[in-house]
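Take 152 as the starting number for the sequence shown in this note's numbering and just add one per residue.
A virtual CB, placed ideally from N, CA and C, is assigned to each residue, including glycine.
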Amino acid sequence: MEHSIDSHITQFLTSFGANQTMTSWPWMKGVEVAIADPVEPVCTEDDRPAVKALILKHSEKIDKIKTALEDDPLYNPKKHDDLWILRFWLSHKKSKAAIEAAKHTLEFRKKYHLDELDIRKMPPQEVKDGKLAEYNAAWKRKDGIVCYHPDPKRGVIVFIAVEARDQNVLVEKLSEDYWLPALLYLDEYSFQCLDYVTRTTGRLTKLIRFADCRGLSLGGLNMECTRRDARFMALMEDCYPQMTECIFVCNAPTLIGVIWKTFSPFFPKRVRSKFDIVYPKDNAKDHKKLLRYISEENIPDIHEGKNPASPEKCTSDETSNKRAEVYWWW
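Right under this line is the structure:
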């Protein structure tokens, strides 16, 4: 029996390797293998699962979803491969829901031309033109939200200074039309980085967010702003499955529990389940949680790490500060 299982795994991996030689996503240009064999964990806390093992485990469900998508004119097996489908299955655990989400995503990506550009060279905070730039400029500080990718073998880190986002000002200055460009660019940038890392390391890689709540006050919150956030997050939720690992709420005042209880019903269930209020400076267990996703050397000291640079000065890699083509609505 044990020999039979080993033979099955070997046969699967041989077939997998033969059929997954390349993918046509623009951010994978020049990479000859669609999914690499898993690299060794980058640290003792790194417990990301191997992609090929996950695909083997869920192969029956993946094949069922794939069969349902084959007649869709937007379906392209060179893009929408086993990994792409796996994410929908892991998020929904029901074939019907996964199929519906996948079809919605095909339409969504076509509508906004998301399969045409590699935008990894332009983190959201560096975009200088269009609605996204105007949205960023409406924050109190330029470091209000920063995407950071310090380790090419690990995930994206998003730093959010909550008090820098005065929701009253955003609603007063900007119409609802600005929300989709801002949130969509953030998600698409993160997805492209994460998909590249997942495929080249062979490990399912997700992002984490640091929500720094220092200086937060109830006066800076606005129900209309929260409604807009929730609306567009819900619109995109199914389009980016298995992308966010955790949202760490740091430096939270005691009133954060009251705030979260008040506003959490506006957000999708899967978003609510990912929040974790942590105090890494005072709690060793909380600090260790962070090390699953980012090394001590890359955590800015304002988040109890060893990097003296503030988030907006933490350059990600050799791609930092380079321009990338963007669509007008961004």
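Could you compute how far the alpha carbon of residue i sits from the alpha carbon of residue j?
i, j, result
"residue 221", "residue 311", "40 angstroms"
"residue 353", "residue 201", "6 angstroms"
"residue 281", "residue 333", "10 angstroms"
"residue 233", "residue 417", "32 angstroms"
"residue 475", "residue 273", "Residue placement at residue 475 is flagged as unreliable, the pLDDT there being 44, under the threshold of 50; a coordinate-derived value is accordingly withheld."
"residue 328", "residue 369", "25 angstroms"
"residue 255", "residue 413", "30 angstroms"
"residue 198", "residue 443", "7 angstroms"
"residue 342", "residue 304", "14 angstroms"
"residue 482", "residue 445", "Here the chain covers residues 152 to 481 and nothing more, so residue 482 does not appear."
"residue 356", "residue 345", "6 angstroms"
"residue 324", "residue 381", "19 angstroms"
"residue 258", "residue 223", "10 angstroms"
"residue 285", "residue 297", "15 angstroms"
"residue 383", "residue 440", "29 angstroms"
"residue 227", "residue 301", "32 angstroms"
"residue 390", "residue 358", "15 angstroms"
"residue 309", "residue 278", "16 angstroms"
"residue 306", "residue 330", "24 angstroms"
"residue 190", "residue 348", "11 angstroms"
"residue 183", "residue 235", "17 angstroms"
Within the same chain, show all residues whose beta-carbon is closer than 6 angstroms to that of residue i, passing over the 5 residues directly before and after it, in chain order.
i, result
"residue 315", "290, 291, 292 and 295"
"residue 392", "238, 239 and 242"
"residue 403", "364 and 428"
"residue 449", "301 and 458"
Classify residue i as helix, strand or coil using the three-state DSSP reduction.
i, result
"residue 299", "strand"
"residue 401", "strand"
"residue 269", "coil"
"residue 346", "helix"
"residue 189", "coil"
"residue 224", "coil"
"residue 287", "helix"
"residue 200", "coil"
"residue 417", "helix"
"residue 360", "strand"
"residue 162", "With a pLDDT of only 47 at residue 162, under the threshold of 50, the placement of this residue in the model should not be trusted, and no figure is reported."
"residue 275", "helix"
"residue 433", "coil"
"residue 211", "helix"
"residue 195", "coil"
For residue i, which residues in the same chain have their Cβ closer than 7 angstroms to its Cβ, ignoring the five residues on either side in sequence?
i, result
"residue 375", "322"
"residue 187", "350, 351, 352 and 353"
"residue 209", "237 and 240"
"residue 283", "275, 332, 333, 336 and 481"
"residue 319", "371 and 373"
"residue 313", "362, 363, 364 and 367"
Take residue i and list the residues in its own chain whose beta-carbon comes closer than 8 angstroms to its own, dropping the five residues that flank it on each side.
i, result
"residue 261", "225"
"residue 230", "174, 175, 176 and 266"
"residue 338", "387, 390, 391 and 394"
*Along the chain, which unbroken stretches of the alpha helix (DSSP H) at least 4 residues long are found entirely within the region 289-342?*
List check, alpha helix (DSSP H) in window: 318-324.
_Between the region 212-219 and the region 248-264, can you find at least three pairs of beta-carbon atoms closer than 8 angstroms?_
yes
*Could you tell me whether the region 260-268 touches the region 237-246, using the rule of 3 or more Cβ pairs below 8 angstroms?*
no
*Are there three or more Cβ pairs, one per stretch, closer than 8 angstroms when the region 374-394 is compared with the region 201-212?*
no
*asked:* Taking 8 angstroms as the cut-off, does the region 395-403 touch the region 424-438 (at least 3 CB pairs, one atom from each stretch)?
replied: yes
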